[in-house]
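Protein chains in written order, with our numbering: chain B, 1 to 107; chain L, 108 to 214; chain A, 215 to 321; chain E, 322 to 428.
Note that CB positions come from ideal geometry on N, CA and C, so glycine has one too.
Since the model is a prediction, treat every value here as computed from it, not as a measurement.
Number of protein chains: 4
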Amino acid sequence: MARRGQQRSLARRQRFHTAKNLVMALAGEVGELVAEFQWLTPEQAATVMDDPEAGARVRAEIGDVMIYLTRLADVLGIDLTEAAVAKLAEVSVRYPAGEVRGSAAKR
Amino acid sequence: MARRGQQRSLARRQRFHTAKNLVMALAGEVGELVAEFQWLTPEQAATVMDDPEAGARVRAEIGDVMIYLTRLADVLGIDLTEAAVAKLAEVSVRYPAGEVRGSAAKR
Amino acid sequence: MARRGQQRSLARRQRFHTAKNLVMALAGEVGELVAEFQWLTPEQAATVMDDPEAGARVRAEIGDVMIYLTRLADVLGIDLTEAAVAKLAEVSVRYPAGEVRGSAAKR
Amino acid sequence: MARRGQQRSLARRQRFHTAKNLVMALAGEVGELVAEFQWLTPEQAATVMDDPEAGARVRAEIGDVMIYLTRLADVLGIDLTEAAVAKLAEVSVRYPAGEVRGSAAKR
């Protein structure tokens, strides 16, 4: 019974969890994470984990982001850690003693 | 010399890499990832890794997302894998044989 | 009474509605809009407004996005329509009979 | 000649500018806007328009966001201003003298 439920669940997932949909789901979850921080001052944001309720919400949202990022990478055949390490290595070659600053560094 | 550069780089990172800024950097990188998929049909999105150029860009963007997600989790003292597993466990309790469908499941 | 409430509300808004926070609020609302579309096929997405419930949610999310985009532009002293028109004019000069395709066109 | 180019451009736009794709394009542009603000302090963000270069980039990104939001609303048959006003009216009924604070207010 549970097994049949799992198979049905897997079939449904394969239909919905296309690369394009997973990219959107990832963006949606990141939007929820951003919403947790949007009205906080930098100081409040830095100590958000000290607040039991807000901390639990932030942890749950980060969990959601990681779930969809992992699924997306899986569907695309990408190893998440390898992709991050390759990117860091590339940046450290381009900016030897410099700072990794995301899009600022890329300009 | 290289060592002094690394110290300066670390000091700069601590100033910029606040929780609030890292959440924004994560959102910015996810925006770049979304942009890679926005004009693709579902079929093109599914095979994007077969295209050497687009595939390399997608891998690089996923690397960037993973880098900022890891830094954010680090700054907040959250273990990424634990957060994802905890969220999956919670969902499987709430929807025993059901489907994890992001915000659709939460409604 | 109502007037005092409005003044308090305005003071609170000025404290929270900084440019940085409003950019995040905009990103959060766009995340909610993306979530409405993430599991829909292209065909379902095209006819989402025919569904009374989903249509009402999409309209509400688009309203939210417009509210925060307007406030952000206001805080920055930018005229939304002028900014859009200026961008379209610039693109039509660069790509005379071409296609406006967002980041794809910019590459 | 220019006319043929415009027709080709229009046909291409209709193929790419589906509701689902436009939602993604909007998210991508908002990601670029977020990237402009991610490393700024709240004070720097408040005065970003005083910097000619950064100010021009912010204006261009806001123009892009407005372009895709307008196209999306157009494709869905939604009037942007009406959607925003309807949402504001709904909030002011629910929170008479209160504050519109996005997702914080909704909790």
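Selected residue, minimal CA-CA separation from V412 (chain E), among A:D278, A:R226 and A:V237: A:D278
Do we get a CB-CB distance below 9 angstroms when we pair V115 (chain B) with the residues of chain E? No statement about residue 115 (chain B) is possible, as the shown extent of chain B runs from 1 to 107 and does not include it.
With 16 other CB atoms within 10 Å as the buried threshold, where does V137 (chain L) fall? buried
Leaving out five residues before and five after H231 (chain A) in sequence, what residues of the same chain have Cβ atoms less than 7 angstroms from its Cβ? R285 and V289
Less than 9 angstroms between the C-beta atoms of A298 (chain A) and M345 (chain E), yes or no? no
Within the 9 angstroms Cβ cut-off, does E160 (chain L) reach chain B? no
Along the stretch 353-375 of chain E, where does the CB come closer than 8 angstroms to a CB of chain L? Name the residues. E353, V355, A356, F358, Q359 and W360
Ordered list of beta strand (DSSP E) runs contained in the stretch 58-97 of chain B, each at least 3 residues: none
Cβ-based contacts, 8 angstroms cut-off: residues of the stretch 336-353 of chain E near chain L: F337, N342, M345, A346, A348, G349, E350, V351, G352 and E353
Taking the alpha helix (DSSP H) that M24 (chain B) belongs to, which residues open and close that run? A19 to F37
Taking C-alpha atoms, which residue in L:A142, L:I169, L:M156 and L:K127 lies nearest to W39 (chain B)? L:K127
Beta-carbon neighbours of V165 (chain L), restricted to chain B and to distances below 8 angstroms: L76 and I78
Less than 9 angstroms between the C-beta atoms of K122 (chain L) and I78 (chain B), yes or no? Per the sequence presented here, residue 122 (chain L) reads as Arg, with Lys not at that position. No.
Mind reading off the beta-carbon distance from P504 (chain E) to P42 (chain B)? Whole number of angstroms is fine, and I expect it under 8 angstroms. Residue 504 (chain E) is absent from the structure shown; chain E starts at 322 and stops at 428.
Indicate whether at least one CB of chain B lies closer than 9 angstroms to the CB of V192 (chain L). yes
Measure the C-alpha to C-alpha separation of A394 (chain E) and I383 (chain E) and round it to an integer number of angstroms. 16 angstroms
For L176 (chain L) and Q113 (chain L), the rounded distance between their alpha carbons: 22 angstroms
Starting from the C-beta of G269 (chain A), find all residues in its chain whose C-beta is less than 7 angstroms away, skip the five residues before and the five after it, and write them out in chain order. V262 and M263
Quick one, are the C-beta atoms of A35 (chain B) and G242 (chain A) less than 9 angstroms apart? yes
For a test of the three-state rule: what should DSSP assign to D50 (chain B), helix, strand or coil? helix
Collapsed DSSP secondary structure at L117 (chain L) in the structure displayed: helix
Where does A118 (chain L) land, buried or exposed, given buried means 16+ other C-beta within 10 angstroms? exposed
Since F37 (chain B) contacts A46 (chain B) with CB under 8 angstroms, what's their CB separation in whole angstroms? So it is not a contact: roughly 10 angstroms between Cβ atoms.
With a Cβ-Cβ cutoff of 9 angstroms, do E353 (chain E) and E139 (chain L) count as a contact? yes
Whole angstroms are fine: how far does the CA of R378 (chain E) sit from the CA of A86 (chain B)? 29 angstroms
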